[in-house]
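Protein chains in written order, with the numbering used here: chain W, 3 to 250; chain P, 1205 to 1450.
Beta carbons are placed, not taken as given, at the ideal position from N, Cα and C, and that holds for glycine.
First comes the structure, then the notes that go with it.
Dropping the structure here:
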């Protein structure tokens, strides 16, 4: 049942013109940043060779570019998650799922996986661009893979957060604005928290992405992402179950 | 011997915005029966139907569908129901075939039987020529047909239709009434409507709601003993209105 809902969501997302209108400029911007970073690197490459332990092409190009993509995903994902539940309620198609023999867990996981398939496609397109570095230099494939994993986990966190707000609200715009607001607040926490306030930094998905962005895969970060995603999906399932089983 | 009970609701209560919308309503539906749900606007018809299908939980009361408790065994109970709400739940950007197949899969029809179920539901609703059309481009009448097709594609034991003939032209209304009568041969059908001649022509039994309360339950033939359906409906609703009884 999860597969059926995920497949339908993915097909709906891919067949919507708005998806391509959003993705095309995003790919363009990503390519712009990517070639910009390559250009910057080529300009300072001669000076870098004189340094001891100089940063390689991969960390100088891939890491900043992936940070930019993470920021773009943060802004883009709430626009998709608002469709998943809040828009179905507004369009009155939600009743089809409510009266079908499917559980809230099936619905939530199906929708989450459907969106993740689209996000995986976006990340795959960007990753393909990054791998073109291999054509010109000995790039650090491990660092690239860590970044791809980081982007997927970060995007999954934003998707779970957006899905929760989509379940809380009946208006898609409010769902998207709430999810974006909280994602943005978490990002600001990571930016502004001082070193003495490490706990603040620890609650932001972005700070855990930074570790992967630098090429380090730590089990603590993976556990954080897993907990963040599972907790929000569980809260969404609970919210829908409350709605379906308890009269307000 | 009486046919088995397929849908049973006991003492349903539901408030909306601190207003009592459904007040202690009980009803029963047997296999092969077509039950008409009548009432003025705001009488609680749609709310009652939503509760019977699991779209809205009741604040108190019990619902059993084919022997399964809707609140405690929702998956088994919902598998026996097909529901067309007041606003058909259609994904306007999908093709008719894709949408109906999605509805069929949601109702756990095995892959091997999908094609046959799709063809049968399209044929019953007169949609054979419209499989490749995008739902959003269809007229209101055909969208209503797609809504009915999704409600019957899994051949449910109980079909719940909320104003199924709204927005249809006279020929379509005739076809849908024939379909409902046909559905009543194998399944149980409960439908809400404002068209009293519809009740007269297709319903075996009638219940009337007024301000959330059930004020009449009987066969449509019994109702017709008071003259025509319209007169009988007005007589019953006026007799039980608080202004009259005071």
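- Under the three-state reduction of DSSP output, residue 1311 of chain P falls in the coil class, being neither helix nor strand.
- Using a 10 angstroms sphere on the CB of residue 23 of chain W, the tally of other CB atoms stays under 16, which defines it as exposed.
- If you keep only unbroken alpha helix (DSSP H) runs of at least 4 residues inside the segment 1282 to 1338 of chain P, you get 1300 to 1310, 1315 to 1328.
- Annotation: the continuous alpha helix (DSSP H) that includes residue 1390 of chain P extends over 1374 to 1390.
- Taking CB atoms only, residue 1235 of chain P has no neighbour in chain W less than 8 Å away.
- The straight-line gap separating the alpha-carbon atoms of residue 170 of chain W and residue 177 of chain W is approximately 7 Å.
- Closest in C-alpha terms to residue 1412 of chain P, from the list P:1406, P:1405, P:1420, comes P:1420.
- With its beta carbon at least 8 Å from every one in chain W, residue 1207 of chain P lies outside the interface.
- For residue 1369 of chain P against residue 1377 of chain P, the beta-carbon gap comes to about 5 Å, under 8 Å, which counts as contact.
- DSSP, read as helix, strand or coil, puts residue 1212 of chain P in strand.
- DSSP, reduced to helix, strand and coil, places residue 1219 of chain P within a strand of the structure shown.
- At a beta-carbon threshold of 7 Å, the residues of chain P lying near residue 10 of chain W are 1306, ordered along the chain.
- When secondary structure is reduced to three states using DSSP, residue 1401 of chain P falls in the helix class.
- Burial state of residue 1311 of chain P is buried, judged by a 10 Å Cβ sphere holding 16 or more other Cβ atoms.
- Under the three-state reduction of DSSP, residue 52 of chain W is assigned to coil, being neither helix nor strand.
- Each residue's CA atom was taken as its position, placing residue 1335 of chain P and residue 1296 of chain P some 13 Å apart.
- Across the set W:63, W:208, W:158, the C-alpha of W:158 shows the shortest separation from the C-alpha of residue 122 of chain W.
- Your pair residue 88 of chain W and residue 174 of chain W checks out as a contact, with CB atoms roughly 4 Å apart and the cut at 8 Å.
- For the segment 1305 to 1338 of chain P, the set of residues with a beta-carbon nearer than 8 Å to any beta-carbon of chain W comprises 1306, 1307, 1309, 1310, 1311, 1312, in chain order.
- By the neighbour-count definition (other C-beta atoms within 10 Å, threshold 16), residue 1256 of chain P is a buried residue.
- Among the residues facing chain P, residue 92 of chain W is not included, as its CB has no counterpart in that chain under 8 Å away.
- Between residue 4 of chain W and chain P, the shortest Cβ-Cβ separation is not below 8 Å.
- Neighbourhood of residue 17 of chain W in chain P, by CB distance below 7 Å: 1297, in chain order.
- At a cut-off of 8 Å between beta carbons, residue 80 of chain W makes no contact with chain P.
- The beta carbon of residue 1260 of chain P sits closer than 6 Å to those of 1254, all from its chain and outside the five residues before and after it, given in chain order.
- Not a single C-beta of chain P is nearer than 8 Å to the C-beta of residue 21 of chain W.
- Taking C-beta atoms as the reference points, residue 1408 of chain P and residue 1238 of chain P count as a pair closer than 8 Å.
- The alpha helix (DSSP H) runs lying completely inside the segment 142 to 195 of chain W and spanning 4 residues or more are 143 to 170, 174 to 194, given in chain order.
- Under the 8 Å Cβ criterion, the segment 1310 to 1326 of chain P does not count as touching the segment 1388 to 1402 of chain P, having fewer than three qualifying pairs.
- A straight-line Cα-Cα distance of about 37 Å links residue 186 of chain W and residue 1303 of chain P.
- At least one CB of chain P lies nearer than 8 Å to the CB of residue 102 of chain W.
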